[in-house]
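Heads up: the structure comes next, in structure tokens.
Numbering (full-length UniProt numbering), first residue to last: 1 to 341.
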């Protein structure tokens, strides 16, 4: 022992504090000492920032790789019983709690580790956690992955947090790896993000669809007993059903006799559109109303002729003005110029 360095031997392990350099070594390797409360704050911060799912995967990957690193110090050795005894001493003397290897089989590639008073259990207990930690179990999976030179994973068979006297970790050969877990988590988050986007898109589509329904084909009262409905864009069965329902509602509400259907904004007049119009005209007739088609352009009239759909009994006018004038005349009204005095 010197003034600048303090050596302490605990069983077979040695701690050295170099006060001049501000360094601590444990069995010759640089080490750090932390209070449990500091580690607790560290874990809480990761979980708070990352969320539970992400932090669990981070802790598992960290623990596994730490364990794999520890096992690298014993690479090439086959005296596993001695190694396991050294592990127990190292973790106990470092304040990681008591370690008991209750089952060990190289042939089966299976190990059972019992942990008592581990730092992870102490911290989780102070955090009032109900579920056991994952960092130390995955750490031991990493240790034995290195010792067996085969990928191992873990299962927590029992936990002190659940009232058992120790944490029991079953280690076994598995295809599960931290890298796969990270990849699966990433894919899960991607699917979750895509689902959220799809939900927003569907919601926005519904809003836009509702807006289109409200803005397209408005029913406009013009004069007494006369309504006008301009058609715009391309129609399908759903739009025609909405159009018919809207037209029937407004005719009933206004007690109108004439519905002028303005086709000025319609460029293509196929058989489907004509059949839809005939459905609308028939529905209006059932309410005692009369439909008049206006805004018939020359090109549109040619399409209607070539469509070979029977439109007998329906009044057509080239302009909305002519249609309104016709409806007024049928109602017994006439438009006359204002007299000047």
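Using N, Cα and C, we set each Cβ at its ideal position, and we do this for glycine too. Note that the coordinates shown come from a computational prediction; the quantities given were computed from them, not determined experimentally.
Does the region 150-167 come close enough to the region 189-202 to have 3 or more Cβ pairs within less than 8 Å?
With contact defined as three or more Cβ pairs closer than 8 Å, the region 150-167 and the region 189-202 are not in contact.
Through-space distance from residue 271 to residue 248, alpha-carbon basis:
Rounded to the nearest whole angstrom, the CA to CA distance from residue 248 to residue 271 is 23 Å.
According to DSSP, is residue 87 helix, strand or coil?
Residue 87 carries a helical assignment under DSSP once its states are collapsed to helix, strand and coil.
Going by CA-CA distance only, name the one from 140, 62, 76 and 72 that's closest to residue 100.
The shortest Cα separation from residue 100 among 140, 62, 76 and 72 belongs to 140.
Beta-ladder partner(s) of residue 292, from DSSP:
Within the DSSP bridge table, the entry for residue 292 names 260 and 315 as partners.
Whole beta strand (DSSP E) elements within the region 191-229, 3-residue minimum
Scanning the region 191-229 for uninterrupted beta strand (DSSP E) segments of 3 residues or longer gives 220-223, listed from N- to C-terminal end.
Residues in the same chain with beta-carbon distance under 7 Å from residue 251, minus the five sequence neighbours each way, listed in chain order, please.
Around residue 251: 227, 259, 284, 287 and 289.
Residue 281 versus residue 291 - alpha carbon distance:
Roughly 6 Å separates the two Cα atoms.
Check for me: the beta strand (DSSP E) holding residue 17 runs from which residue to which?
Element bounds for residue 17: 13-18.
List, from N- to C-terminal side, the alpha helix (DSSP H) runs of 4 residues or more that fit wholly inside the region 98-145.
Positions of the alpha helix (DSSP H) runs, each at least 4 residues long and wholly inside the region 98-145, are given as 119-126 in order along the chain.
For residue 177, which residues of its own chain have a beta-carbon under 7 Å away from its beta-carbon, when the five flanking residues on both sides are left out?
Closer than 7 Å at the Cβ level, and outside the excluded window around residue 177, lie 151.
Out of curiosity, what's the CA-to-CA distance linking residue 49 and residue 245?
So the two alpha carbons sit approximately 53 Å from each other.
Less than 9 Å between the beta carbons of residue 63 and residue 146, yes or no?
Taking 9 Å as the Cβ cut-off, residue 63 and residue 146 do not qualify as a contacting pair.
Endpoints, the alpha helix (DSSP H) within which residue 274 is located
Per DSSP, residue 274 belongs to the alpha helix (DSSP H) from 271-286.
How would you write the range of the beta strand (DSSP E) that residue 30 sits in, first residue to last?
29-31 is the span of the beta strand (DSSP E), which, as asked, contains residue 30.
Would you identify the three-state DSSP class for residue 353, choosing helix, strand or coil?
The chain is shown only over 1 to 341; residue 353 falls outside these bounds and no answer can be derived.
I need the straight-line Cα distance from residue 85 to residue 75, nearest angstrom please.
Near 16 Å, if we compare the C-alpha coordinates of residue 75 and residue 85.
Just to confirm the assignment, what range does the alpha helix (DSSP H) spanning residue 44 have?
Per DSSP, the continuous alpha helix (DSSP H) segment holding residue 44 begins and ends at 36-50.
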